[in-house]
Every structure is written in C-alpha cells, then in structure tokens.
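> The structure that follows is given in the form of structure tokens.
Numbering (the working numbering), first residue to last: 176 to 679.
Pasting the structure below:
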C-alpha cells in the first residue's frame, strides 16, 4: 500500500467523521431549539390565558376595591399606589427574566453551532432562569393568614391576605446578569480563535461587562434604597419615605438643579444600555451591509405574535364591553368590516405579485418595499377605525383578523428574502416589538373595559395609549417605507452611474 492510498483513506475517514459530527451537532441544535420553542409557546399562552392568576394576580387586585381589574393601574389613593406599584414591579422583573433568558438562550444556539454540546451548561442555566420566572408568576403571590381581632369584648379570627415582599424579586437580576456576562466572556474566548477579525479587540467586551454591571448596580441601589425607607411596607406614604419624596420633588419642582440631575440620570442609563450591547454593535460595524442571516432568529417573535393572536381570540369569545346605557349595543356591520375587506384585498395582491413571474423578484430592497407597503395598507385602515370608533368589541375583531393577515405576509417575507441589510434587520426587530406591544395593550385594555376600568383610554394625554401605540406602529412602517425608497433610489443611481462609466 503506497502513501497515496493511505492519504486517500485518511481523507475519506476525516470527511466521514466530520459528517457524523455535523449530523450529531444538528440534532443537538434541533433538540435545544424545540425545547425552547415549546416551552415559550406553551408558557406564554398559559400566562396570558391565566392572566388573573399569574401576570396580575386577582388575589392582590381585590384589595384595590370593586372588581379585580377595576382600579388596576390607578394611582389615586396611597393604597392604589402601593398595590399597583408592587404588582408592576413584580411583573416587570419576572417578565424581563422570562423573556430575556428565553430569547438570549435561543439566539446563543446559532452562535455556538461549532461547540453545541459544550453549550449545554449555559443552556441549562438560561432555561432554569426562564422556568423559575414562569413558576414564580404563579407561586410568588401571597397567602392568607389568620389574625385575631377584638371587637368590644368579642375576640374573633379573620383571614387576612399578606403580600410577599415583591421588592426582593430584584435579586433575581443578579444571577441572570452573571450568567449572561459569563457566557459572553466564554464566547469571546472561543470566537477569538475562530473569528479573530471581529474578536481581536478586548475593548468591546470590557465595555459591555462594565456597563452591564453598572446597570445592575444602579437598579439594585435605587430599588433597595427605596425599600429601606418604607415603613410597614409602604413605598409611598409617610414622611419617612425620603426616597419617594425626593423622586417626586425631582420631577415636580422645576429648577436647573433638578433638570441637570434628570438629564444626567437619563444620559447615564442610555450610555450604559448602549455599552451593554457593545459586542453586538462592534460585530455589526465589522460585517458587510448585506448578510445572509439565520431565518429562525425570528421564530420566537413569530410565536409570540401567534400566542397573542390566540389570546385575543379567547377574549373575543369572552365577556364583551358594555357601552350602551339605554337601548341596544352597537353591532358589527359592513362599515366596520371595510377594514377587513381592504386588508384581505391587500394580502391577496401581495401574494399574487409575489408568485406572478413578471412581478416576482429576489432583490432584497424590492421585496422589503413590497412588504412594507402591504403592511402599511393593512394597518392604516385599522388606525382609522381605532380613532373613529371607540369601541373595543369592534376594534378587537378587526385587530384579530388583520394581525392574522399581516402575520401571513410577515412570515412569507422572512422566508422569501435571502439577505437583510442592517437597516432592514433593525426595522424588523422594531416592528416585532411594537406589534407585540400593540396586541398586548389592546387585549389588556379590553379586559379592563369589561370591568369598567378606562385608564388606558382616558389618561391625561391628548389621545389614549391605545391610539398612541396604533399610530406608533404605522409611523414605524411609514419611516421604514421612506428609508427603503431612499435606499432603492440610491441603488438605482449607483447602477446607472456604473453603466455610464462602462459606456464611456
């Protein structure tokens, strides 16, 4: 057997081993992602459907008086301030941990493809934090305890609901920050060998680690300082609550000193948030404008929207909002259905143009322009409906169907487009965030209105929060279209210039 035969056999063996290793890695990736997708989909749906037992427990809301959600997000009395503030703190911390740990864990999988088996430690840590947050939504509520009270000469035992000290949930931010910092350092060490161009400098990882620790310290310091002045658990009432009194004076008393403090605080927070994403920003700056991206990076966002649509569907089958004092309620008719008709026609035309050979294109800018215009034509009528008809029952039906149609075009666009510019990626992420926020606010507003709570439609602003979020989504779409048109004109201009240069 000569050396050439040995070399060929060695090469075949190496290629075969590489294929086996790649197949095994793909199986691990599939398992990791499937577990996260199922957990996030089922967990989110349960949280929304059981909203009164998890996100905003009715066991606590009943102490606001009236129906469970009747005085939710109302801060008129000290009791309302205390209960609503603690509930919002509880929701913010637990939901942040639940979302961040899940989304971060999912995105890490694509970045760890070459060492996916070794990622199991961080995978379990992130998943554990997500599960802990989910469980605490149901478990960390409070309990009924017996208390003896005396009425005259009669002594009796009554059951009193005692809230947990929700401020302590802030400590949950410590493990998630440490796990995230540890992973980023671990990734930096690995990637420095495989991708030395992007990971050659230590400065971005140092800035990112420092910024995340500073943000954590800032949150812990302020929350714990606020809690340290609470007397009998009160975060607002009393002269002893010096922290809250300082915050009130800071925003109520108009002088140069307070303005300087506010500007300094917000500047610090903005810089720390930017610094906390230093590696991501550095990575974007080092890459090309166009890049082929992993399409499954948007899967959790799509699942979030689908879960929200299902939740809205359950609300449609539940209690309706009562508007009429006398007579019959306004019924859904053809005029209200025009919004759905326009959206349906737009969706049909979008898919028709996408599959007709003459109008079919693979150009990423053209695909983005078509998608953005279709989204705009779907959502503008809904905004008009929301502004014109202050009827949650009607708007919820329109929102449910329009979101379903809009999501179909969204999914098709993500599949069809093979590459995304940094600008397009940014707008897609913003659209996901604003759209999900819109669906959740509409759903929550409907629940509040069924219990005679008009806080989201009667706040002291020129227009309600529901209308603001609707207009915001359309505004983002308009800005997206404008940026794409400018980008398209620039690309056409460059192409014409190159042709003239070749001719000359």
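Think of the CB as a built atom: it goes at the ideal place given N, C-alpha and C, for glycine as much as any other residue.
1. Three or more C-beta pairs under 8 Å: does that hold for the segment 388-397 against the segment 436-447?
2. On the premise that residue 616 lies in contact with residue 598, defined as a C-beta separation below 8 Å, what is that separation, rounded to the nearest angstrom?
3. Give the straight-line distance between the Cα atoms of residue 481 and residue 581, rounded to the nearest whole angstrom.
4. Please classify residue 231: does DSSP put it in a helix, a strand, or coil?
5. Below 8 Å on the Cβ atoms is my guess for residue 648 versus residue 584; work out the distance and round it to an integer in Å.
6. Helix or strand or just coil, what does DSSP make of residue 271?
7. Which runs of the beta strand (DSSP E) at least 3 residues long sit entirely within the segment 235-268? Give them in chain order.
8. Any contact of the segment 509-521 with the segment 644-658, i.e. 3+ C-beta pairs under 8 Å?
9. Is residue 456 near the ligand FMN, judged by its Cβ being under 7 Å from some heavy atom?
10. On a CA-only basis, which of 214, 224, 249 is nearest residue 629? Give me that one, please.
11. Can you tell me the Cβ-Cβ gap for residue 484 and residue 575, rounded? I've got them flagged as a contact below 8 Å.
12. What does the alpha-carbon distance come out to for the pair residue 400 and residue 373?
13. Among residues of its own chain, excluding the 5 on either side of residue 389, which ones have a beta-carbon nearer than 6 Å to its beta-carbon?
14. Do you know offhand how far residue 464's Cα is from residue 283's?
15. Mapping the DSSP letters down to three states, classify residue 287 as helix, strand or coil.
16. Suppose the cutoff is 8 Å on Cβ atoms and the five residues either side in sequence are ignored; what does the same chain contact list for residue 363 look like?
17. With a cut-off of 8 Å, do at least 3 Cβ pairs link the segment 297-304 to the segment 268-279?
18. Three-state secondary structure (DSSP) at residue 639?
19. Would you report the Cα separation of residue 587 and residue 530, rounded to the nearest angstrom?
20. Below 8 Å CB to CB, which residues in the same chain sit around residue 662 once its five sequence neighbours on both sides are set aside?
21. Please report the distance separating the alpha-carbon of residue 209 from that of residue 230.
22. What's the gap between the Cα of residue 476 and the Cα of residue 609?
23. Would a C-beta distance cut-off of 8 Å place residue 550 and residue 652 closer than the cut-off?
24. From what residue to what residue does the alpha helix (DSSP H) around residue 432 run?
25. CA-CA distance, residue 348 and residue 265?
26. So, with DSSP's three-state summary, where would you put residue 471?
27. On the three-state DSSP scale, how would you describe residue 315?
28. So the candidates are 614, 311, 452; which of them puts its Cα closest to the Cα of residue 228?
29. Taking the straight line between their C-alpha atoms, what separation do you get for residue 295 and residue 304?
Result, derived from the coordinates:
1. Contact between the segment 388-397 and the segment 436-447 is established, with three or more Cβ pairs separated by less than 8 Å.
2. Contact doesn't hold; Cβ gap of about 27 Å is too wide.
3. Those two C-alpha atoms are separated by around 11 Å.
4. coil
5. With 8 Å as the limit, residue 648 and residue 584 do not qualify as a contact, their Cβ atoms being about 15 Å apart.
6. helix
7. Within the segment 235-268, not a single complete beta strand (DSSP E) segment reaches 3 residues in length.
8. Fewer than three beta-carbon pairs drawn from the segment 509-521 and the segment 644-658 are found closer than 8 Å, and the two stretches are therefore not classed as touching.
9. With respect to the ligand FMN, the structure shown offers nothing to examine, as it has no ligands at all.
10. 249
11. 7 Å
12. 40 Å
13. 447
14. Below a pLDDT of 50, predicted positions are generally treated as unreliable, and residue 464, at 41, falls in that range; the measurement from the model is reported next regardless. Taking the straight line from one Cα to the other gives about 22 Å.
15. coil
16. 374, 380, 454
17. yes
18. coil
19. 11 Å
20. Once the five neighbours on either side are set aside, the close Cβ partners of residue 662 are 540, 596, 598.
21. 25 Å
22. 11 Å
23. yes
24. Counting along the chain, the alpha helix (DSSP H) containing residue 432 begins and ends at 431-451.
25. 12 Å
26. helix
27. coil
28. Here the closest residue by C-alpha is 311.
29. 14 Å
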